[in-house]
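Here is the structure we will look at.
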Amino acid sequence: MYKDTKVRLIEKESSLEFLPRLTAYLNGPKIFIKRDDEGGRSGGGNKLRKYERIIDDAIANNCDTLIIAGHYQSNAARALVGSACRFGLKPVVVCKELIPSQNDSFLKNGNALLMNIMGAKIVSIDAEDDYTESMNMVAKQIEDEGGKPYIIPFGGSNVLGAMGYIECVEEIDKQSKELDMGFPDYVFTATGSGGTQAGLISGILMNNIPSRVIGISVLHKKREAEKIVTGLTAKTLEHLKFSGEINESVLVDDSFVGDGYGITTAGSIDTIRLLAKLEGIFLCPVYTAKAMTGLIDYIKSGKIKDTETVVFIHTGGSPLIYAYNDKLYN
Ligand SMILES: *Cc1c(COP(=O)(O)O)cnc(C)c1O
Numbered sequence: 352m353y354k355d356t357k358v359r360l361i362e363k364e365s366s367l368e369f370l371p372r373l374t375a376y377l378n379g380p381k382i383f384i385k386r387d388d389e390g391g392r393s394g395g396g397n398k399l400r401k402y403e404r405i406i407d408d409a410i411a412n413n414c415d416t417l418i419i420a421g422h423y424q425s426n427a428a429r430a431l432v433g434s435a436c437r438f439g440l441k442p443v444v445v446c447k448e449l450i451p452s453q454n455d456s457f458l459k460n461g462n463a464l465l466m467n468i469m470g471a472k473i474v475s476i477d478a479e480d481d482y483t484e485s486m487n488m489v490a491k492q493i494e495d496e497g498g499k500p501y502i503i504p505f506g507g508s509n510v511l512g513a514m515g516y517i518e519c520v521e522e523i524d525k526q527s528k529e530l531d532m533g534f535p536d537y538v539f540t541a542t543g544s545g546g547t548q549a550g551l552i553s554g555i556l557m558n559n560i561p562s563r564v565i566g567i568s569v570l571h572k573k574r575e576a577e578k579i580v581t582g583l584t585a586k587t588l589e590h591l592k593f594s595g596e597i598n599e600s601v602l603v604d605d606s607f608v609g610d611g612y613g614i615t616t617a618g619s620i621d622t623i624r625l626l627a628k629l630e631g632i633f634l635c636p637v638y639t640a641k642a643m644t645g646l647i648d649y650i651k652s653g654k655i656k657d658t659e660t661v662v663f664i665h666t667g668g669s670p671l672i673y674a675y676n677d678k679l680y681n
């Protein structure tokens, strides 16, 4: 199934890199990082893999406008705007504030700035408005004006989106062999709308890889997140007519969310500094820093053995560093 779409948003495979200094610092298992933050245009990140099949579907349905919902600092919205631009489609973002009392950099820097530069149409709604209803209203208006809108699923997390992460597993598998090692024993990812984790699990099951995927929640409580990921994994495997057994249970850990989505934690700020200082890698305060904080905790507490190997999926989000400068600047 590899690269079976017409729409390509990522031209090259993202690199799989060893993190020698973080590994030495933790004195534990070998840690690798999959640089999905660097692949493709539009600011990169995991959403590009998810959007390849979704935008393929939009174009196949002759749509000319892509509608997405998100907050002003949404990576999903920023990546969608850039991807729409590349294919001559009009992007519309239905926006809410993420956290009330946001400062100027939150509203005009980071992803908000990038979306503005790319000329996205922003439709602002109130905190109590429903995203789905608002998107339907925008779609209706576009239809009335003779356009053909396509509504992007929340976070790009449907079956088409998840399939992008089956490709990621196939890349890691190939790259691990090139590095003369087996597929890493653990795959760590940030889990929000669940498509990334569902795709990773699907890829691992379909390719019969003996590896465990651990999602670190940035949004939902454990039970809710596991339900979402399990449901989407089942749908994805069914869509691909996978008949093997799903013997693995889905694991999402919600211990690192802190006070909630988009709210920084002391641990995640420390982790951003640690990775920058040790490896020159930038994590984002909303997703990857919380996920990496989880991985570091798993290693420090001995949940992962020194003889095992780990791959951390860098799902992107670096524009968020600029939006959260007030929390990060020391
Ligand atoms: C959206 C996003 C995630 C979460 O991925 P899901 O597929 O929604 O679970 C993780 N990291 C970054 C940087 C993201 O933008």
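In terms of this note's numbering, the sequence shown opens at residue 352 and continues consecutively.
Ideal Cβ positions, reconstructed from N, Cα and C, are used throughout, including at glycine.
- Tyrosine 482 has its alpha-carbon roughly 30 Å from the corresponding atom of phenylalanine 633.
- Boundaries for serine 652: no alpha helix (DSSP H) harbours it, and the DSSP string shows neither H nor E there.
- Aspartate 605 sits close to lysine 572, with the two beta carbons spaced by under 8 Å.
- Between glycine 550 and threonine 587, the C-beta gap is smaller than 8 Å, which places the two residues in contact.
- Short note on glutamine 424: C-beta not closer than 7 Å to any heavy atom of ligand 1.
- Straight-line spacing of the CA atoms in arginine 574 and threonine 639 works out to 21 Å.
- Membership of alanine 478 in any alpha helix (DSSP H) is not indicated, and neither H nor E is assigned to it by DSSP.
- For alanine 541, the CB falls within less than 7 Å of some heavy atom of ligand 1.
- Here DSSP, grouped into helix, strand and coil, assigns tyrosine 501 to strand.
- In this structure, alanine 427 has its CB closer than 7 Å to one or more heavy atoms of ligand 1.
- The three-state reading of DSSP puts leucine 634 in coil, since its state is none of H, G, I, E or B.
- In this structure, serine 393 lies near arginine 429, with their beta-carbon atoms less than 8 Å apart.
- Here tyrosine 482 carries a helix assignment [DSSP, helix/strand/coil].
- Measuring C-alpha to C-alpha distances from glutamine 424 to each of Ile405, Lys441, Val445 and Ile406 identifies Val445 as the nearest.
- For proline 670, the closest of Asp388, Gly379 and Leu625 by C-alpha to C-alpha distance is Asp388.
- Using a 10 angstroms sphere on the CB of glycine 546, the tally of other CB atoms reaches 16 or more, which defines it as buried.
- Checking the 7 Å criterion, the Cβ of serine 619 is out of range of every heavy atom belonging to ligand 1.
- Here the distance from the Cβ of tyrosine 680 to the nearest heavy atom of ligand 1 is not below 7 Å.
- A straight-line Cα-Cα distance of about 14 Å links threonine 615 and glycine 645.
- Histidine 422: member of the beta strand (DSSP E) spanning 416-422, first to last residue.
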